[in-house]
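Here is the structure we will look at, set down as structure tokens.
Number of protein chains: 2
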Amino acid sequence: MISQKARYALRALLLLAARGDSNPVQISEIAEQEKIPRKFLEAILLELKKTGIVRSHRGRQGGYSLGKPAKDISFADVLRVTDGPLALSPCVSVIAYRKCDDCFEESICAIRKALLAARDATAQILESRNLAQAAAQLRRSGAL
Amino acid sequence: MISQKARYALRALLLLAARGDSNPVQISEIAEQEKIPRKFLEAILLELKKTGIVRSHRGRQGGYSLGKPAKDISFADVLRVTDGPLALSPCVSVIAYRKCDDCFEESICAIRKALLAARDATAQILESRNLAQAAAQLRRSGAL
DNA sequence: CCAAATCTCTATCAAGTCAATAGGAATTAG
DNA sequence: CTAATTCCTATTGACTTGATAGAGATTTGG
């Protein structure tokens, strides 16, 4: 299951993507619109900023905007920031590979083979879904 | 990421599948072979038993054996017992569906659409991988 | 029969994670 | 300068995870 943090992040980003324009949106506005606890959202956006997914502007008239085109921000990108690797085991993670603590021979591990296939399938989907698509779909549904 | 419990469960089951015969194997033997904390393994096997994945025999000469043919026990079956639903959100879970707390309209939720596709991809893989395959693969690798 | 071996059950624990909150420091527009 | 805003660090309570302890129930070999 994804964390609450991930949900909030996706909702906030979807809002930014939906706006389209590059005017920064303030934390409090996002928090209110999306019913996200304000302080928690602050922390989330800060993390998203460190990875370049969003950009911030401080001071009066400050706020957040997407750090790159919405089509270049995938669901996988976001989930990796909020929830860590997509992989079901460190030994099949691309971004955070680590040998399992008590693995005796990785190359023949039957568990690993299944988890690797699962990771590839998940990553294939989540890397192909991006914020631009999602926002467009919302527009089509009349939600915006 | 899967839990430690899931790893232990898979390893224990793989051992049972590898044995092939239906003679029960004792907890302490599994624990020793697979280097799993004995008391923890006890609890895990008990859970697996409740769902029919393993069968137990008490008293002297007791122990555990698979509750059904190895080919009928998928990785998905095991992970669902130890770690809960495969889905990334309750709203896309087949075995534990629940509406998201603050979802305003599920049918048009863009996040849900992506998570649903991810769930289907993961489930497709993990339901197709079973203990018999995994044990056979270990045999081919010369690990048994 | 009975005693040893085994699974079954309930309770407990420490450490870690998650979701949320608090308060002030730094920055910028006007 | 001052008000509005993001940035940063710390803290909290509830829950989960991984592991352990000990007594209860059941079966079987001798």
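Respectively, the protein sequence lines represent chains H and E. Take the first sequence: its letters are residues 1 to 144, numbered as in our numbering. Take the second sequence: its letters are residues 1 to 144, numbered as in our numbering. Virtual Cβ for every residue (Gly too), placed ideally from N, Cα, C. What you are looking at is a predicted structure, and each value in this text was computed from that prediction instead of being measured.
H:F104 burial status per 10 Å Cβ neighbour count (16 or more: buried): exposed
Three-state secondary structure (DSSP) of H:S74: strand
Residue of E:P37, E:I30, E:G67 and E:H57 minimising C-alpha distance to E:L48: E:G67
Interface residues of the region 29-42 of chain E facing chain H [CB-CB below 8 Å]: K35
Residue-chain proximity (H:R147, chain E), Cβ-Cβ < 9 Å: No information on residue 147 of chain H is available, as it lies outside the stretch 1 to 144 that chain H covers here.
Residue(s) in a DSSP beta bridge with H:G63: H:H57
Where H:V81 sits in the DSSP three-state scheme: helix
Interface flag, E:T82 vs chain H, CB-CB below 9 Å: no
Check: H:R7 C-beta below 8 Å from any heavy atom of the ligand ZN: The model on display carries no ligand, and the ligand ZN is accordingly not part of it.
Backbone secondary structure at H:V94 - three-state DSSP: coil
When E:P37, E:S141, E:G59 and E:E29 are compared against H:S107, the one with the closest alpha-carbon: E:S141
Contact under 9 Å by Cβ, E:P85 with E:C100: no
Neighbouring residues, chain H, relative to E:Q124 (Cβ below 9 Å): A121
Contact belief for H:A17 with H:A135 at Cβ below 8 Å, rounded distance in angstroms: 4 Å
Outcome for E:I95 when other beta-carbon atoms lying within 10 angstroms are tallied against a minimum of 16: exposed
One or two residues paired with H:N23 in a DSSP bridge: Paired residues: none, contrary to the question.
Residue span of the alpha helix (DSSP H) that contains H:K113, given as start and end: A110 to S128
Inter-residue spacing [alpha-carbon to alpha-carbon] between E:V54 and E:V78: 11 Å
Coil, strand or helix - H:E105 by DSSP: coil
Stretch-stretch touch, CB-based, cutoff 8 Å, three pairs: the region 118-135 of chain H with the region 2-21 of chain E: no
Contacts around E:I2, its chain only, beta-carbon distance under 8 Å, and the 5 residues preceding and following it disregarded: L79, T82 and D83
When H:N23, H:L46, H:L13 and H:T51 are compared against H:Q33, the one with the closest alpha-carbon: H:L13
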